[in-house]
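Peer 1: Let me give you the structure first, and then I'll get to my questions.
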Amino acid sequence: MTALAPEHATMPVLGRLSPHASRAEQIAHIAEAARQIRIQDLKLVHYAGAGHVGGDFSAIDILATLYGAVLNVTPDTADDPDRDRFILSKGHIAGALYTTLAAFGFLPVEELATFLKPLSRLNGHPNRSKVPGVEANTGPLGHGLPIAVGHAISAKLDVSRRRTYVLTGDGELQEGSNWEAMMAASQYELDRLTVIVDRNRLQQGATTRETNDLDPLDQKAAAFGFAVVEVNGHDHGELLDVLSAVPFRPGKPTFVIAHTHKGHPISYMSNNVAWHHKVPSEAQLQQAIEELDRARRQPAADEVSKADPAFSTEGE
Amino acid sequence: MTTTAPTSGGSIVDQPRYDCRNAYVDTLADLAQTDHRIVGVVNDSVGSSKLDAFKKAFPDRLINVGIAEQDMVGVAAGLANGGRIPFVSAASCFLTARALEQIKADVAYSNRNVKLCGMSPGMAYGELGPTHHSIEDIAWLRAIDNMIIVVPADPIETAAAMRWAAATEGPTFIRVSRMSVPAIYGDDYEFVPGRAITVRDGDDVTIISNGTVLWRSLAAAEQLATDGINARVISMPTVKPLDVGAVVAAARETKGLVTAEEATTAGGLGGAVAETVVQHHPTRVRILGVPEFAPTGSASFLLDRYGMSPQGIADAARDLTR
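In order, the protein sequence lines correspond to chains Y and F.
Those letters in the first sequence? Residues 31 to 346, per this note's numbering, in order.
Those letters in the second sequence? Residues 247 to 568, per this note's numbering, in order.
The following block contains the structure:
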């Protein structure tokens, strides 16, 4: 297999639209960003021979929406104390984060070609001291939400309007630290804090239900004092509307259950547990790119099932 | 550098004793008064950290996350992300054990400006037993990169280390003693990280100590002097980074080194000193500390039991002169 090289890191830098752009224009911009990020990310994983492509693809629409149209942070304001904060708690999708940061100009696109290479700053989990735009060195699960709560408290102390977003996996919610943090978020009435759960219903080797069931997740979050909203995590319009509506309910932190599929929207990958950290072959890479191109020409509403995915070890 | 005790005459044993937590809370309030970035973060430990007055003075700036140590350290990292300087105040046993991964990833590896203050460390909780003892904290944290570890020996050093930490960007762990100790330093004491202080000079044998055991080491040196043995006593407030130069000089200039600390014999100050001399100037070393889950007893009783009474430390040092 060809090793990851500069010719594999060629995605366009998309940047942000003017804040005066219409909702339809914003959604189209996010959709194109998500498509480009998926293609680039798939190349990184294919040529580097490692990565977490399933989880990358379940979260890329959320990342593209945040960086493409929601977060009040740009490469020029990456150190501004009053910037919005995005904390990626599921640090193992670093490939998706780096690609998203490159798409919006935080780091050079060509540097993506160093992903996972010896001494590259693009490690398998993000390092804020080395990679611009990264807010926390995550990787061990259950760390992002407490950090986000701490930042949201700091914003409140500063009487600042800056917002805090944290993206967690769903399996990750099995870590007790999240629930400690949720109690504090409610106690401190952090209504400018938004927790987004990438609810793909799959963890490393099985469904969350088979492993340590999270449901009824909406009721649990509500009982912990959150305003709960459920969205299709692959619908850019729904994501844009909800993630822009902070505070969702005054006095309460927001808990967005984003229903997603691991590997979305690639036919052989979507909702398939085998793709947690599987590497696509050359043929699979080309097929995925073709599918993503076809979807751009013939956009269709992405349906997301809330049913448990079928367990499959196909291709393992 | 030699700094003498503030009071002259009489044995260190007879000096008045102080709870370092009082210096801690006074200094924290003082720092908070002049720097709005300073906040306290606690796990319900307002009373045990003596922070009631701080809470009254700065109600918004004492963040109590409840009995939730992982969240406490993560929240501190998030507060630092927002530009605050959090002083996390919690019983050292729970702070360092329960939240070790947050200390490693969210604070040290993320290089966040968080001050971790381990209250009532070592065997301060005495009869409450090994669940509440924190003899392992130093060994655990020594293994983590980008973490400065300070074990002050008296109220003046506690306050000085806090002032230095507040003014210096980066992760720091400070152990704040509960067991009363005499004042070792004068008001002119300046804390310099990574610098040892020769609190008593001598060239027969060396005792290296810190925290609650430093005054016991000075008392040991007084006893040795009556036998005509001149013991050098080195105060080592910073366990990491260690003052390698002071250790190597002592190894070279005296007959051997005794280390004495209220911590496990594996991987603490003794371990740090042993690692140093074995690589730079091999010599005889006696590591005094706590080798096991301690039985029931007060901290003072247990220190004596593990050979860290003045007599016990003197005996270990005397052995090395033979």
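Ideal Cβ placement from N, Cα and C applies to all residues, glycine included.
Counting only the same chain and skipping the five closest in sequence on each side, list residues whose C-beta sits under 8 Å from that of Y218/Y.
Peer 2: The residue you call residue 218/Y lines up with position 188 of the first sequence. Around Y218/Y: V179, A182, I183 and K186.
Peer 1: I think V531/F touches Y264/F, with their Cβ atoms under 8 Å apart; what is that distance to the nearest whole Å?
Peer 2: Walking along the second sequence from the start, residue 531/F turns up at place 285. Walking along the second sequence from the start, residue 264/F turns up at place 18. Not really, about 31 Å apart at Cβ, beyond 8 Å.
Peer 1: Looking at the structure shown, is R446/F part of a helix, part of a strand, or coil, going by DSSP?
Peer 2: In the second sequence, the residue the question calls residue 446/F occupies position 200. Strand, per DSSP.
Peer 1: Please classify V303/Y: does DSSP put it in a helix, a strand, or coil?
Peer 2: Walking along the first sequence from the start, residue 303/Y turns up at place 273. In the structure shown, V303/Y sits in a helix (DSSP, three-state: H, G or I).
Peer 1: With 7 Å as the C-beta to C-beta threshold (strictly closer), list the residues of the region 170-182 of chain Y near chain F in chain order.
Peer 2: P170, H173, P176, I177, A178, V179, G180 and H181
Peer 1: Which residues of chain Y have a Cβ atom closer than 8 Å to the Cβ of R330/F, listed in chain order?
Peer 2: If you number the second sequence from 1, residue 330/F lands on position 84. S184 and L187, listed in chain order.
Peer 1: Pull the bridge partners of P332/F from the DSSP assignment, please.
Peer 2: Stepping through the second sequence from its first residue, residue 332/F is reached at position 86. Answer is V285/F.
Peer 1: Counting only beta-carbon separations shorter than 8 Å, does Y596/F have a partner in chain Y?
Peer 2: In this structure chain F extends from 247 to 568, so residue 596/F is not present and cannot be described.
Peer 1: Between the region 337-356 of chain F and chain Y, which residues of the former have CB atoms less than 8 Å from a CB of the latter, in chain order?
Peer 2: E347, Q348, A351, D352, Y355 and S356
Peer 1: In whole angstroms, what is the alpha-carbon distance linking S555/F and Q233/Y?
Peer 2: The sequence position of residue 555/F within the second sequence is 309, counting from 1. The sequence position of residue 233/Y within the first sequence is 203, counting from 1. Cα to Cα, S555/F sits roughly 55 Å from Q233/Y.
Peer 1: With 8 Å set as the bound, which would you pick, yes or no: does the beta-carbon of D306/F sit closer than that to a beta-carbon of chain Y?
Peer 2: Along the second sequence, one-based indexing puts residue 306/F at 60. Chain Y contact via Cβ: present.
Peer 1: Would you mind telling me which residues of chain F sit closer than 7 Å to E141/Y, beta carbon to beta carbon, in chain order?
Peer 2: As a first step, residue 141/Y must be located in the first sequence, where it is residue number 111. Chain F residues near E141/Y: none, gap ~21 Å exceeds 7 Å.
Peer 1: Quick check on the burial criterion: 16 or more other C-beta atoms within 10 angstroms. Buried or exposed for G516/F?
Peer 2: The residue you call residue 516/F lines up with position 270 of the second sequence. Buried, because 16 or more other Cβ atoms sit within 10 Å of the Cβ of G516/F.
Peer 1: Listing by chain order, which chain Y residues have their CB less than 8 Å from the CB of I394/F?
Peer 2: Taking the first residue of the second sequence as 1, we reach residue 394/F at position 148. Within 8 Å Cβ-Cβ: nothing; I394/F doesn't reach chain Y, min ~17 Å.
Peer 1: Counting only C-beta atoms, is P252/F closer than 8 Å to chain Y at any point?
Peer 2: Here residue 252/F refers to the residue found at position 6 when the second sequence is read from its first residue. Confidence at P252/F is low in this model, with a pLDDT of 48, below 50, so the placement of that residue should be treated as unreliable; the coordinate-derived value is given next. Chain Y, which has no Cβ nearer than 8 Å to the Cβ of P252/F, makes this no.
Peer 1: For the ligand ADP, any of its heavy atoms closer than 7 Å to the Cβ of G255/Y?
Peer 2: Looking for the ligand ADP in the displayed structure turns up nothing, as the structure carries no ligands at all.
Peer 1: Beta-carbon separation of P156/Y and G320/F under 8 Å?
Peer 2: In the first sequence, counting from the first residue as 1, residue 156/Y sits at position 126. In the second sequence, counting from the first residue as 1, residue 320/F sits at position 74. Contact: no.
Peer 1: Within 10 Å of its beta-carbon, does N301/Y have 16 or more other beta-carbons around it, so buried, or fewer, so exposed?
Peer 2: Within the first sequence, residue 301/Y is the residue found at index 271, counting from 1. So N301/Y counts as buried.
Peer 1: Tell me the residue span of the alpha helix (DSSP H) that contains G516/F.
Peer 2: As a working mapping, residue 516/F is identified with position 270 in the second sequence. It spans L515 to H526 - the alpha helix (DSSP H) in which G516/F sits, taken as one unbroken run.
Peer 1: Using a Cβ-Cβ cutoff of less than 8 Å, which residues in the same chain neighbour D572/F once the five nearest sequence positions on both sides are dropped?
Peer 2: Missing from the structure shown is residue 572/F; chain F here goes from 247 to 568 and no further.
Peer 1: Mind listing which residues of the region 91-124 of chain Y have their C-beta closer than 7 Å to chain F's C-betas, in chain order?
Peer 2: Taking 7 Å as the Cβ-Cβ cut-off against chain F, the residues of the region 91-124 of chain Y that qualify are P111 and R115.
Peer 1: Check F341/Y in the structure and name its three-state DSSP category.
Peer 2: Stepping through the first sequence from its first residue, residue 341/Y is reached at position 311. Because the pLDDT of F341/Y is 46, which lies under 50, any placement of that residue in the model is unreliable, and the question is left without a value.
Peer 1: For the structure I just gave you, are there three or more beta carbon pairs, one from the region 364-372 of chain F and one from the region 333-340 of chain F, closer than 8 Å?
Peer 2: Yes, since at least three Cβ pairs between the region 364-372 of chain F and the region 333-340 of chain F fall closer than 8 Å, the two stretches touch.
Peer 1: Please return the same chain residues whose Cβ sits closer than 8 Å to the Cβ of R462/F, not counting the five positions on each side in sequence.
Peer 2: Reading the second sequence from its first residue, position 216 is the one you call residue 462/F. Scanning its chain for C-beta atoms nearer than 8 Å, with the 5 sequence neighbours on each side dropped, one finds around R462/F the residues S455, A506, L549, M554, S555, P556 and I559, in chain order.
Peer 1: If I follow the unbroken beta strand (DSSP E) through A506/F, where does it start and stop?
Peer 2: Taking the second sequence and counting its residues from 1, one reaches residue 506/F at position 260. Unbroken beta strand (DSSP E) run through A506/F: L503 to T510.
Peer 1: Can you give the Cα-Cα distance for G81/Y and I90/Y, rounded to whole angstroms?
Peer 2: By 1-based counting over the first sequence, the position of residue 81/Y is 51. By 1-based counting over the first sequence, the position of residue 90/Y is 60. Cα to Cα, the separation comes out at about 14 Å.
Peer 1: Label H264/Y either buried or exposed according to how many other C-beta atoms from any shown protein chain fall within 10 Å of its C-beta, with 16 as the threshold for buried.
Peer 2: As a first step, residue 264/Y is located in the first sequence; it is residue number 234 there, counting from the start. It counts as buried.
Peer 1: Give, in chain order, every residue of the region 310-334 of chain F whose Cβ lies closer than 7 Å to some Cβ of chain Y.
Peer 2: Cβ contacts with chain Y: V311, G312, A314, Q316, D317, G320, V321, A322, A323, G324, L325, N327, G328, G329 and R330.
Peer 1: Run through the DSSP bridge pairs and tell me what G364/F is partnered with.
Peer 2: The sequence position of residue 364/F within the second sequence is 118, counting from 1. For G364/F, which the question treats as bridged, DSSP gives the partners A336/F and R421/F.
Peer 1: Could you tell me the boundaries of the beta strand (DSSP E) in which K486/F lies?
Peer 2: The residue labelled residue 486/F in the question sits at position 240 within the second sequence. Taken as a continuous stretch (DSSP letters only), the beta strand (DSSP E) holding K486/F covers T484 to K486.
Peer 1: Determine the closest residue to L220/Y out of S159/Y, F285/Y and V303/Y, with distance taken between C-alpha atoms.
Peer 2: In the first sequence, counting from the first residue as 1, residue 220/Y sits at position 190. By alpha-carbon distance to L220/Y, the top candidate from S159/Y, F285/Y and V303/Y is F285/Y.
Peer 1: Report, in whole angstroms, the separation of the C-beta atoms of I287/Y and L247/Y, which I expect to be a contact under 8 Å.
Peer 2: Reading the first sequence from its first residue, position 257 is the one you call residue 287/Y. Reading the first sequence from its first residue, position 217 is the one you call residue 247/Y. Their Cβ separation, rounded to whole angstroms, is 6 Å, which keeps I287/Y and L247/Y in contact under 8 Å.
Peer 1: At the level of alpha carbons, what is the spacing between L146/Y and A323/F?
Peer 2: Locating residue 146/Y in the first sequence gives position 116, counting from the first residue. Locating residue 323/F in the second sequence gives position 77, counting from the first residue. Note on geometry: alpha-carbon atoms of L146/Y and A323/F lie some 26 Å from one another.
Peer 1: Going along chain F in order, which residues have a C-beta closer than 7 Å to the C-beta of A211/Y?
Peer 2: In the first sequence, the residue the question calls residue 211/Y occupies position 181. The answer, in chain order, is D317 and G320.
Peer 1: For K282/Y, which residues does DSSP report across the bridge?
Peer 2: Position 252 of the first sequence holds residue 282/Y. K282/Y pairs with R279/Y.
Peer 1: Can you check which of these residues, K308/Y, P170/Y and T130/Y, is closest to V161/Y by C-alpha distance?
Peer 2: The residue given as residue 161/Y occupies position 131 in the first sequence. Considering only alpha carbons, the answer is T130/Y.
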